[in-house]
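Peer 1:
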Ligand SMILES: Nc1ncnc2c1ncn2[C@@H]1O[C@H](COP(=O)(O)OP(=O)(O)O)[C@@H](O)[C@H]1O
Ligand SMILES: [Mg+2]
């Protein structure tokens, strides 16, 4: 499923629809260049799932955890690889049964990902426009 989104208002509507489909244990892999909108999309989806806190980029912390309708783990693994992720105990977090994971730069830890992920691929079209592609592995 591919959709072109030309404003943050449209993105918020799309995030609301996406949020309705999230179930306990889901793992969402966000792919796209720097500035594509991985963090922005995660922030909007979480806001529709009861997270009141401001969701900011986890780049420096690598992992931030929020409580809403589910426990949410928001990863940004831009600066680490699978071995470093294991050292930090992230493999155990990723194996949790009920929490929902959002992972930016998941390609860096691909060997640790659960087998069924929802892939969100974001392409920059122009300053305010993005193409979102949602692919569910089965
Ligand atoms: N249609 C859009 N979808 C997503 N982000 C958009 C869109 N239009 C503009 N932006 C802007 O692009 C930037 C995306 O940044 P961010 O979410 O931090 O990207 P990433 O996490 O992928 O590096 C934000 O400043 C956001 O406001
Ligand atoms: Mg980001």
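Numbering (our numbering), first residue to last: 5 to 142. Think of the CB as a built atom: it goes at the ideal place given N, C-alpha and C, for glycine as much as any other residue.
(1) Since residue 122 contacts residue 41 with CB under 8 Å, what's their CB separation in whole angstroms?
(2) Could you name the residues whose beta carbon sits closer than 5 Å to any heavy atom belonging to ligand 1, keeping them in chain order?
(3) Measuring CB to CB, does residue 23 end up less than 7 Å from residue 52?
(4) When every heavy atom of ligand 2 is checked, does at least one fall within less than 6 Å of the C-beta of residue 115?
(5) For the beta strand (DSSP E) containing residue 130, name the first residue and the last one.
(6) I'd like the list of long-range same chain contacts for residue 10, defined as Cβ closer than 7 Å, with 5 residues on each side in sequence excluded.
(7) Where does residue 66 land, buried or exposed, given buried means 16+ other C-beta within 10 angstroms?
(8) Across which residues does DSSP place residue 79 in a beta bridge pair?
(9) Considering only DSSP beta bridges, list what residue 8 is partnered with.
(10) Based on Cα-Cα distance, which residue from 88, 7, 49, 39 lies nearest to residue 105?
Peer 2: Well, looking at it:
(1) Contact doesn't hold; Cβ gap of about 16 Å is too wide.
(2) 9, 15, 38, 39, 40, 41, 42, 43, 44, 132, 134
(3) yes
(4) no
(5) 122-130
(6) 132, 133
(7) buried
(8) 67, 107
(9) 135
(10) 49
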